[in-house]
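Notes for the one structure printed next.
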Amino acid sequence: MSVHIAAKKGEIAKIVLQPGDPLRAKYIADNFLTDVKLVSQTRNIFYFTGLYNGKEISVGASGMGIPSIGIYSFELFTEYEVDTIIRIGTCGAYTTDLKLFEVLNVENAASESTYGKFAWGFEEELLPSQGSSFNLINETAKDLSLEIKSTNIHTSDIFYRKDEGIPAIAEKYNCSAVEMEAFALFANAKYLRKNAAAILTVSDVIPTQEQISADQREKALKTMIELALQSALKM
Ligand code: HPA
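Read in order, the letters of the sequence shown correspond to residues 462 to 696 in the numbering used here.
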């Protein structure tokens, strides 16, 4: 048991898929895993452990934003000896070069956040995915004939902002899309020498204000979930 996760030691697998939303974690457990056990429901942040093609995998939510994923990923890595966390989430495209439903493999996350600095003394504003998981995801996508894009993304602390246009940090690091968690996950994994990746589905295109509707979301995320699970088999 950790401060925010009620699972007993040994009840969480070495590899964890981490969506933002607890109900998405439940959807994955219900539809993709067998022999599923609910191992934590503290704060309704559900964690499940089950089998995928015979391999033990856990799935549980990060919540939204850097502080939340910072807490959950830290406790998973340090209290449950998790080796790999794959974030699976949605993002907003900064450019019309990306289309709704496109799947991105995050190479680097850029952020104005001071999380890395004050948690671990990292001065960088750009952090790469950690370990071999990024490459394994690209290889798995190839094996499955899935077209995905490797890209840099912006991890923002802000969802609603007054200024339209692409934030300076996203321009600086050529970030094609924005989300709110990957940078903190990569920072924790870097400090703790663990593996971390982020696979994102484009849920909105900011310049055109196109969005995936709420009922399209579940189906839309299927490709990303299957890619994460198939990649996890190799990790
Ligand atoms: N901003 C931040 N995070 C997001 C967005 C966005 O537009 N869309 C999906 N996650």
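A virtual CB, placed ideally from N, CA and C, is assigned to each residue, including glycine.
C-beta atoms of residue i and residue j nearer than 7 Å
i    : j    : result
Q479 : I546 : yes
S534 : N649 : yes
I518 : P483 : no
E573 : I630 : yes
S501 : I466 : yes
F647 : A570 : yes
G481 : M525 : yes
I549 : A689 : yes
F538 : L682 : no
E472 : T510 : yes
A645 : S594 : no
A468 : V520 : no
Reference residue i, options the options, closest by Cα
i    : options                : result
I476 : N656, Q670, I660, K651 : N656
S664 : K680, E608, L653       : K680
S590 : A689, E671, G521, A643 : A643
L499 : Y508, Y576, F595       : Y508
L694 : K623, S674, D491, A474 : A474
G577 : S692, I527, N599       : I527
Q691 : K469, H615, L597, S593 : L597
P668 : F538, D544, K560       : K560
T684 : L607, I673, N492       : L607
F562 : K610, Y634, F493, K651 : K610
E625 : Y555, M462, D604       : Y555
N566 : D544, E586, E632, K603 : K603
H774 : R678, D496, K633, R504 : Lying before the first or after the last residue shown, residue 774 is absent from the chain, which here runs from 462 to 696.
N635 : E671, E586, R504       : E586
M462 : T503, T495, M696       : T503
N599 : K623, I627, P628, E568 : E568
I627 : Q677, V666, V543, L605 : V666
For residue j and residue i, believed in contact at Cβ under 8 Å, the rounded distance
i    : j    : result
T557 : T662 : Their Cβ separation, rounded to whole angstroms, is 17 Å, which puts T557 and T662 out of contact at 8 Å.
I686 : I489 : 6 Å
S674 : M641 : The Cβ separation is near 21 Å, so there is no contact.
K470 : Y541 : 7 Å
CB contact check: residue i to chain D, cutoff 7 Å
i    : result
P480 : The structure shown has no chain D; it contains just one protein chain.
Problem set entry | Runs of alpha helix (DSSP H) lying entirely within the stretch 471–544, each at least 4 residues, in chain order | 483–493, 527–540
For this session: Just list the alpha helix (DSSP H) runs in the stretch 661–694, keeping only unbroken ones of 4 residues or longer that don't cross its boundaries, in chain order.
Result: The stretch 661–694 is shown to contain whole alpha helix (DSSP H) runs of 4 or more residues at 675–681, 683–693, in chain order.
Problem set entry | Segment contact flag, the stretch 508–525 with the stretch 574–589, C-beta cutoff 8 Å, min 3 pairs | Counting Cβ pairs under 8 Å, fewer than three are found: no touch.
Problem set entry | Length-filtered (4 minimum) alpha helix (DSSP H) runs lying within the stretch 573–633 | Whole alpha helix (DSSP H) segments, 4+ residues: 576–581, 594–604, 629–633.
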